[in-house]
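Engineer: First the structure, which I've put down as structure tokens, then a few questions once you've had a look.
Protein chains: 2
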Amino acid sequence: MRRLLNKIRKNSRSQEDGIFFEKITKILGFEPKELKYYRKAFTHRSANKLDEKGNPFNYERLEFLGDAMLGSVIAAHLYNEVPSGDEGYLTKMRSKIVSREHLNELGRDFNLLQFVESKVNSSQFGENIHGNLFEAFIGAIYLDKGFAYCEKFIQNKIIKQYVDIAKLEGKVISYKSLIIEWCQKEKAPFAFDFIEDNGQEGQKYFSVKLSINHKIVAKARATSKKKAEEKAAQRAYFAFQEKIIKK
Amino acid sequence: MRRLLNKIRKNSRSQEDGIFFEKITKILGFEPKELKYYRKAFTHRSANKLDEKGNPFNYERLEFLGDAMLGSVIAAHLYNEVPSGDEGYLTKMRSKIVSREHLNELGRDFNLLQFVESKVNSSQFGENIHGNLFEAFIGAIYLDKGFAYCEKFIQNKIIKQYVDIAKLEGKVISYKSLIIEWCQKEKAPFAFDFIEDNGQEGQKYFSVKLSINHKIVAKARATSKKKAEEKAAQRAYFAFQEKIIKK
Numbered sequence: 001m002r003r004l005l006n007k008i009r010k011n012s013r014s015q016e017d018g019i020f021f022e023k024i025t026k027i028l029g030f031e032p033k034e035l036k037y038y039r040k041a042f043t044h045r046s047a048n049k050l051d052e053k054g055n056p057f058n059y060e061r062l063e064f065l066g067d068a069m070l071g072s073v074i075a076a077h078l079y080n081e082v083p084s085g086d087e088g089y090l091t092k093m094r095s096k097i098v099s100r101e102h103l104n105e106l107g108r109d110f111n112l113l114q115f116v117e118s119k120v121n122s123s124q125f126g127e128n129i130h131g132n133l134f135e136a137f138i139g140a141i142y143l144d145k146g147f148a149y150c151e152k153f154i155q156n157k158i159i160k161q162y163v164d165i166a167k168l169e170g171k172v173i174s175y176k177s178l179i180i181e182w183c184q185k186e187k188a189p190f191a192f193d194f195i196e197d198n199g200q201e202g203q204k205y206f207s208v209k210l211s212i213n214h215k216i217v218a219k220a221r222a223t224s225k226k227k228a229e230e231k232a233a234q235r236a237y238f239a240f241q242e243k244i245i246k247k
Numbered sequence: 001m002r003r004l005l006n007k008i009r010k011n012s013r014s015q016e017d018g019i020f021f022e023k024i025t026k027i028l029g030f031e032p033k034e035l036k037y038y039r040k041a042f043t044h045r046s047a048n049k050l051d052e053k054g055n056p057f058n059y060e061r062l063e064f065l066g067d068a069m070l071g072s073v074i075a076a077h078l079y080n081e082v083p084s085g086d087e088g089y090l091t092k093m094r095s096k097i098v099s100r101e102h103l104n105e106l107g108r109d110f111n112l113l114q115f116v117e118s119k120v121n122s123s124q125f126g127e128n129i130h131g132n133l134f135e136a137f138i139g140a141i142y143l144d145k146g147f148a149y150c151e152k153f154i155q156n157k158i159i160k161q162y163v164d165i166a167k168l169e170g171k172v173i174s175y176k177s178l179i180i181e182w183c184q185k186e187k188a189p190f191a192f193d194f195i196e197d198n199g200q201e202g203q204k205y206f207s208v209k210l211s212i213n214h215k216i217v218a219k220a221r222a223t224s225k226k227k228a229e230e231k232a233a234q235r236a237y238f239a240f241q242e243k244i245i246k247k
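Line order of the protein sequences matches chains U and S.
Using full-length UniProt numbering, you'd call the opening residue of the first sequence number 1 and step up by one each time.
Using full-length UniProt numbering, you'd call the opening residue of the second sequence number 1 and step up by one each time.
Here is the structure:
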């Protein structure tokens, strides 16, 4: 009987692990090796867990590690991307990219809160939980797969999607207005079409399709209409730029 | 005639490169791939150099990069080495390790000043030049060989030689006094024997041999007698510890 119970427990555990594995893989863009690091990244101190050596098992130390890894990947990116920027410029740009506000946005967009194991209700967490989980997640990637994968994730999922140097420099205030201006100049009709959905954990999301000349040119999804519009406009803008360069 | 001159120039350049290559290899503990990164790491802004694209060619941007890489390697080391330390502890320990004073000491011990290309006399540089060159050097390693080699250099040449967590925590004030205490308890005669030398660039160095029971147990070299003594005592202490563990 005990064996049977253990087997059921084991199976339900592996089923749960399977779902967790799939979700993490989707976020990462590659397969994790060991799930334990990600479990740790999403364990809140209120869960009062200890590891096999009796040390606290929660994400707080991973935040420290993730913050350092994120800082160095962004530093290398800026160093290569802006060869004319001096030390002061690089430092300022990095702190804009890894600002508390931006980290919270990233954690929220990846919906990391869905994974949290804690004894307190998630409504009691402050806004910073999103950024903290995000940093811890980066720390887990480093421990699981090493620096190169950390860099790969940050490049593909953060820098390409979120880091826009022109915008951070204040040269571009809004891609939406750039697109609208261009459409008006070209007399091309355009539209932003929205669909609202409720994500997996009750967080509201807005999907938007941007059409120009009645053809869909970009899609985006975010936690507010304004953000989704801006993301879609940015994607359309970069797609156009590429076409112009290729011509 | 011009060809001959060019050939001579080229040869004297490659001879100079050869010496530079040897010296850098000795410091790194492995061979560099491209010398240009290290040349940049040792070029002061007063040299007024530009790269092929017209951007300033000096070490200031590399300092930014090296600082970030050093920070993340030390973060990972502390994370693994002190599993019981919380986020606050890890942050505090890291800032002790990468303190301005410590970075200056490292730059001075590696004698990085010997490589500097500048239009001002080296006596005009402040004390911080040593730490700045050291950070830039780490940045050059990252660009030349990638994160893994950066980590290797920092592990072998810095952490193993300089980073002593017990001492940073204030648990051990001085290895010299630990050794003396032990010798007195064991009634073992001991001696620190010094030789003074003048390095390559006129910087004074002190070499010390620590003998216990008339047998040399450790050697060290540093820029002051006190530092050399402490380094030798620390090496002797760790060597003893290893023997005790192996027993």
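Here a beta-carbon is modelled for each residue, glycine too, at the ideal position from N, C-alpha and C.
All values reported here derive from a predicted model rather than from experimental measurement.
Could you tell me the alpha carbon to alpha carbon distance between Ser122 of chain U and Asn198 of chain U, rounded to whole angstroms?
Structural biologist: Locating residue 122 of chain U in the first sequence gives position 122, where the first residue counts as 1. Locating residue 198 of chain U in the first sequence gives position 198, where the first residue counts as 1. Cα to Cα, Ser122 of chain U sits roughly 17 Å from Asn198 of chain U.
Engineer: Based on the DSSP output, what are the partners of Ser72 of chain S in its beta bridges?
Structural biologist: To locate residue 72 of chain S, count along the second sequence from 1; it is residue 72. BP columns for Ser72 of chain S are empty, so no partner.
Engineer: Which residue comes first and which comes last in the alpha helix (DSSP H) that contains Tyr175 of chain S?
Structural biologist: Against the second sequence, residue 175 of chain S aligns to sequence position 175. Start and end: 175 to 185.
Engineer: What are the partner residues of Ile24 of chain U, as DSSP defines its beta bridges?
Structural biologist: Here residue 24 of chain U corresponds to residue number 24 of the first sequence, with the count starting at 1. According to DSSP, which records beta bridges pairwise, Ile24 of chain U is partnered with nothing at all.
Engineer: Would a check of beta-carbon distances place Lys92 of chain U closer than 8 Å to chain S?
Structural biologist: Residue numbering aside, residue 92 of chain U sits at position 92 when the first sequence is read from its first letter. Judged by the 8 Å Cβ criterion, Lys92 of chain U is not in contact with chain S.
Engineer: When you compare each of U:Glu196, U:Tyr59, U:Gln234 to Phe115 of chain U by their alpha carbons, which one comes out closest?
Structural biologist: Translated into positions along the first sequence, residue 115 of chain U becomes position 115. Taking only the C-alpha atoms, the option nearest Phe115 of chain U is U:Tyr59.
Engineer: Among U:Ser99, U:Glu135, U:Ser95, U:Lys185, which one has its Cα closest to the Cα of Phe110 of chain U?
Structural biologist: Within the first sequence, the letter at position 110 stands for residue 110 of chain U. When only C-alpha atoms are compared, the closest one is U:Glu135.
Engineer: Mind checking who Gln56 of chain S pairs with in its DSSP beta bridge?
Structural biologist: Looking up residue 56 of chain S in the second sequence gives position 56. Checking the sequence shown, residue 56 of chain S turns out to be Pro, not Gln. Answer is S:Leu50.
Engineer: How should Ile179 of chain S be labelled, buried or exposed, when 16 other C-beta atoms within 10 angstroms of its C-beta is the threshold for buried?
Structural biologist: Working through the second sequence from its first residue, we reach residue 179 of chain S at position 179. That one is buried.
Engineer: Would you say Ala191 of chain U faces chain S, with C-beta separation under 8 Å as the test?
Structural biologist: Reading the first sequence from its first residue, position 191 is the one you call residue 191 of chain U. No, Ala191 of chain U lies away from the interface with chain S (no Cβ there is under 8 Å from its Cβ).
Engineer: What is the residue span of the beta strand (DSSP E) that Glu196 of chain U lies within?
Structural biologist: Mapped onto the first sequence, residue 196 of chain U falls at position 196. From DSSP, the beta strand (DSSP E) with Glu196 of chain U extends over 190 to 197.
Engineer: Pull up the distance between the alpha-carbon of Glu22 of chain U and that of Ala68 of chain U, whole angstroms please.
Structural biologist: For the purposes of this step, residue 22 of chain U is taken as residue 22 along the first sequence, with counting starting at 1. For the purposes of this step, residue 68 of chain U is taken as residue 68 along the first sequence, with counting starting at 1. Whole-angstrom Cα-Cα distance: 27 Å.
Engineer: Output the distance between the C-alpha atoms of Val120 of chain S and Gln203 of chain S, rounded to the nearest integer angstrom.
Structural biologist: The count along the second sequence starts at 1 and reaches residue 120 of chain S at position 120. The count along the second sequence starts at 1 and reaches residue 203 of chain S at position 203. The alpha-carbon atoms of Val120 of chain S and Gln203 of chain S are separated by roughly 18 Å.
Engineer: Give me the subset of the stretch 56 to 79 of chain U whose CB atoms are less than 7 Å from a CB atom of chain S, sorted by chain position.
Structural biologist: Within the stretch 56 to 79 of chain U, the qualifying residues are Glu60, Arg61, Glu63, Phe64, Leu65, Ala68, Met69, Gly71, Ser72, Ala75, Ala76, Tyr79.
Engineer: Under a three-way DSSP split, which group does Lys215 of chain S fall into?
Structural biologist: By one-based count along the second sequence, residue 215 of chain S stands at place 215. Strand, per DSSP.
Engineer: Could you tell me which chain U residues have their CB closer than 7 Å to the CB of Phe147 of chain S, listed as they occur along the chain?
Structural biologist: What you label residue 147 of chain S is simply residue 147 of the second sequence in a count that begins at 1. Ordered by position in chain U, the residues that pass the 7 Å Cβ test against Phe147 of chain S are Phe147.
Engineer: Find the nearest neighbour of Ser29 of chain S within the set S:Arg100, S:Tyr175, S:Cys150, judged by alpha-carbon distance.
Structural biologist: The residue labelled residue 29 of chain S in the question sits at position 29 within the second sequence. In the sequence under discussion, the amino acid at residue 29 of chain S is Gly, which differs from the Ser named in the question. When only C-alpha atoms are compared, the closest one is S:Cys150.
Engineer: My guess is that Glu87 of chain S and Arg39 of chain U are in contact by the Cβ rule of under 8 Å, so how many angstroms apart are they, rounded?
Structural biologist: The count along the second sequence starts at 1 and reaches residue 87 of chain S at position 87. The count along the first sequence starts at 1 and reaches residue 39 of chain U at position 39. About 18 Å; that fails the 8 Å criterion.
Engineer: Return the bridge partner residues of Tyr205 of chain U from the DSSP annotation.
Structural biologist: To locate residue 205 of chain U, count along the first sequence from 1; it is residue 205. U:Asp197.
Engineer: Taking the alpha helix (DSSP H) that Asn132 of chain S falls in, what are its first and last residues?
Structural biologist: By one-based count along the second sequence, residue 132 of chain S stands at place 132. That run of the alpha helix (DSSP H) goes 129 to 145.
Engineer: Let me know the alpha helix (DSSP H) ranges lying completely inside the stretch 92 to 124 of chain U, each 4 residues or longer, listed in chain order.
Structural biologist: 100 to 109
Engineer: Under 8 Å between C-beta atoms, does Ala236 of chain U make it to chain S?
Structural biologist: The residue given as residue 236 of chain U occupies position 236 in the first sequence. No, because no Cβ of chain S sits closer than 8 Å to the Cβ of Ala236 of chain U.
Engineer: Identify the contact partners of Lys53 of chain U in chain S, using a Cβ-Cβ distance below 8 Å as the criterion.
Structural biologist: Walking along the first sequence from the start, residue 53 of chain U turns up at place 53. Per Cβ cutoff of 8 Å: Pro83.
Engineer: With distance defined between alpha-carbon atoms, name the residue in S:Leu103, S:Lys215, S:Gln15 nearest to Tyr162 of chain S.
Structural biologist: On the second sequence, residue 162 of chain S is found 162 positions in, with the first residue counted as 1. Of the candidates S:Leu103, S:Lys215, S:Gln15, the residue whose Cα lies closest to the Cα of Tyr162 of chain S is S:Leu103.
Engineer: Could you name the residues of chain U that Asp144 of chain S contacts, counting a contact when the two beta carbons are closer than 9 Å?
Structural biologist: On the second sequence, position 144 is the one that residue 144 of chain S refers to. Within 9 Å Cβ-Cβ: nothing; Asp144 of chain S doesn't reach chain U, min ~13 Å.
Engineer: On the DSSP letters alone, give me the boundaries of the alpha helix (DSSP H) that Arg39 of chain S sits inside.
Structural biologist: If you number the second sequence from 1, residue 39 of chain S lands on position 39. For Arg39 of chain S, the enclosing alpha helix (DSSP H) stretches over residues 35 to 41.
Engineer: Does the beta-carbon distance from Ile216 of chain U to Lys227 of chain U come in below 8 Å?
Structural biologist: The residue labelled residue 216 of chain U in the question sits at position 216 within the first sequence. The residue labelled residue 227 of chain U in the question sits at position 227 within the first sequence. Result no, Cβ atoms of Ile216 of chain U and Lys227 of chain U do not sit closer than 8 Å.
Engineer: For Ile27 of chain S, which option in S:Ser174, S:Gly107, S:His214, S:Phe194 has the closest C-alpha, if you only look at C-alpha atoms?
Structural biologist: Taking the first residue of the second sequence as 1, we reach residue 27 of chain S at position 27. Of S:Ser174, S:Gly107, S:His214, S:Phe194, the residue nearest in Cα terms is S:Gly107.
Engineer: Below 6 Å CB to CB, which residues in the same chain sit around Glu105 of chain U once its five sequence neighbours on both sides are set aside?
Structural biologist: For the purposes of this step, residue 105 of chain U is taken as residue 105 along the first sequence, with counting starting at 1. Counting only Cβ-Cβ distances below 6 Å, and skipping sequence neighbours, we find nothing.
Engineer: Contact criterion: CB-CB distance below 8 Å. Does Ile245 of chain U meet it with respect to chain S?
Structural biologist: On the first sequence, residue 245 of chain U is found 245 positions in, with the first residue counted as 1. Per-residue confidence for Ile245 of chain U stands at a pLDDT of 46, beneath the threshold of 50, marking its modelled position as unreliable; the derived number appears in the next sentence. Ile245 of chain U does not count as touching chain S.
Engineer: Quickly, what does DSSP pair Ala222 of chain U with across the bridge? List them, please.
Structural biologist: Within the first sequence, the letter at position 222 stands for residue 222 of chain U. Bridge partners of Ala222 of chain U: U:Phe206.
Engineer: Starting from the beta carbon of Glu87 of chain U, find every residue of chain S whose beta carbon is closer than 8 Å, and list them in chain order.
Structural biologist: Here residue 87 of chain U is taken as the residue at index 87 of the first sequence, counted from 1. Near Glu87 of chain U (Cβ distances below 8 Å), the residues of chain S are Glu60, Arg61, Glu63, Phe64.
Engineer: In the DSSP assignment, find the alpha helix (DSSP H) that holds Ile165 of chain U and state where it starts and stops.
Structural biologist: Working through the first sequence from its first residue, we reach residue 165 of chain U at position 165. Run containing Ile165 of chain U: 165 to 168, per the alpha helix (DSSP H) assignment.
Engineer: Can you tell me which of the three DSSP states Gly18 of chain S falls into?
Structural biologist: By 1-based counting over the second sequence, the position of residue 18 of chain S is 18. Note: Gly18 of chain S maps to helix in three-state DSSP.
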